[in-house]
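Residues 139 to 246 in my numbering are what the sequence shown lists, from first letter to last. All C-beta atoms, glycine included, are put in the ideal place defined by N, C-alpha and C.
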Amino acid sequence: MLNVVRTQDSRSIGILSKQYVLDLTVYEVLNAIWKLSYREKKITQEQSSALLDSILLLMQRMNTVGINGLEKRMHELATKEGLTAYDSSYLTVAEKLDLVLVTDDRRT
């Protein structure tokens, strides 16, 4: 989501609207913006604030879901597949809602 907003790809932003996002995503986005701004000095404080505003606007147009009640399945997937609890949360929600899981992570 961060890379789509940063590139201002209106087609991709339109596709993301009305899609599903975990409530945990805001933490991931905040951390990524902090890293770009504070640690890597790739964007200014003002740019980081504007980027966050754009992402929050996009997230308001998305369906936000939580993991409550899914903890046991998350644990099962994490231990069976060798995933972190964080990664298994995304997989569990996608599985529960019969969604295609899309990620911008380079890890496999």
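Reference residue i; option with closest CA among the options
i	options	result
ASP242	SER148, ARG149, THR163	THR163
LEU215	GLU233, THR202, VAL203, ARG199	GLU233
SER148	GLU209, SER186, ILE193, ILE171	ILE193
LEU237	ILE151, ARG144, GLN157	GLN157
LEU168	LYS179, LEU190, SER155	LEU190
Residues of its chain near residue i, where Cβ-Cβ distance is below 8 Å and the 5 sequence neighbours each way are ignored
i	result
GLN183	SER175
LEU160	THR202, VAL203, GLY204, ILE205, SER227, TYR228, VAL231
Interface flag, residue i vs chain C, CB-CB below 9 Å
i	result
VAL240	This model lacks chain C altogether, as it is built from one protein chain only.
Where residue i sits in the DSSP three-state scheme
i	result
THR202	strand
VAL238	coil
Beta-carbon contacts of residue i that lie in its chain and below 6 Å, excluding the five residues immediately before and after
i	result
ALA155	The residue asked about is misnamed: residue 155 is Ser in this sequence, not Ala. Result list for SER155: ARG199, in chain order.
Within 9 Å, strictly: CB atoms of residue i and residue j
i	j	result
ILE151	VAL143	yes
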